[in-house]
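Trainee: In my numbering, the protein residues as written are 1044 to 1232.
One structure coming up, written as structure tokens, with questions to follow.
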Amino acid sequence: MQISIGHIADLFGGIYVNTSISQGGAVYYLQLRHWNKERKWASHVEPELREETRLNKNYLEIGDLLLATKGTDHFAALYDGQYTPAIASSVFTILRIKDTNIISPFYLQWYLNHPATTKILIAASKGTSMPLITRDVIERLELPVPSLQKQESIVQVNLLQQQAMQLRLQINNLNETIFHQQLLQTANR
């Protein structure tokens, strides 16, 4: 079954806040720099904004997906509540799933980060110096929605594949270290 994202999630934009004016340190202001290349939290995230009533309606909820829609680095990150309260900067479009009995946030994140989906979103982006993926494009994007059990299996297999890639990288690095050490020992004989 194919369903458009607009049918399964509410979308709203992140906001721009001038951090030099609203300093104080109670609210996290999530920006691209808070994720590393592997799309994991960066090592050091600090609250940057004062708590203000006007920000309350923009607080993220656990399970929200932050889709980077401005610029050239498009990815989806799942908000897990590790940093709370938090709001997303204007480079993100937030997707809030309407019914988690139909679609898992982890599955939607996997789908949005899939290379084929990324290619579709990049092709649909507008602008050259600061490409933008519009809300309309995201809402119309269709995705397959299998059973929750199958969604979970897909997510787990993807995680295992990522772990296998990391292990292969570590093995390659260790083999290279051993190789160079052996060459050095040969040179010293």
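No residue lacks a Cβ here, since even glycine has one placed at the ideal position from N, Cα and C.
If you draw a straight line from the C-alpha of D1142 to the C-alpha of G1170, how long is it?
Mentor: 33 Å
Trainee: If you reduce the DSSP assignment to three classes, tell me which class T1112 lands in.
Mentor: coil
Trainee: Could you check where the beta strand (DSSP E) with A1129 kicks off and where it finishes?
Mentor: A1129 to A1131
Trainee: Could you have a look at T1149 and say whether DSSP puts it in helix, strand or coil?
Mentor: The sequence given here has Phe at residue 1149, not Thr. If DSSP states are grouped into helix, strand and coil, F1149 belongs with the helices.
Trainee: Determine the direct distance from the alpha carbon of H1223 to that of F1135, and round the result to whole angstroms.
Mentor: 44 Å
Trainee: Indicate the three-state DSSP secondary structure (helix, strand or coil) for V1180 in the structure shown.
Mentor: helix
Trainee: Which two residues bound the contiguous alpha helix (DSSP H) that contains G1049?
Mentor: I1048 to I1051
Trainee: Taking the alpha carbon of N1144 as the reference point, which residue from H1077, V1188, Y1059 and P1090 has its own alpha carbon closest?
Mentor: V1188
Trainee: Contact check, L1108 vs Q1152 under 8 Å by CB: the rounded distance?
Mentor: 6 Å
Trainee: Does DSSP put F1222 in a helix, a strand or coil?
Mentor: Look at F1222 here: in three-state DSSP terms it is helix.
Trainee: Judging by CA-CA distance, which residue of E1095, L1226 and Y1126 is the nearest neighbour of E1104?
Mentor: Y1126
Trainee: Comparing alpha-carbon positions, which option in H1050, A1166 and F1055 lies nearest L1110?
Mentor: F1055
Trainee: Around the C-beta of Y1072, are 16 or more other C-beta atoms found within 10 angstroms, so that it is buried, or is it exposed?
Mentor: The residue is buried, with at least 16 neighbouring Cβ atoms inside 10 Å.
Trainee: Would you kindly check if the distance between the Cβ of A1119 and the Cβ of L1175 is under 8 Å?
Mentor: no
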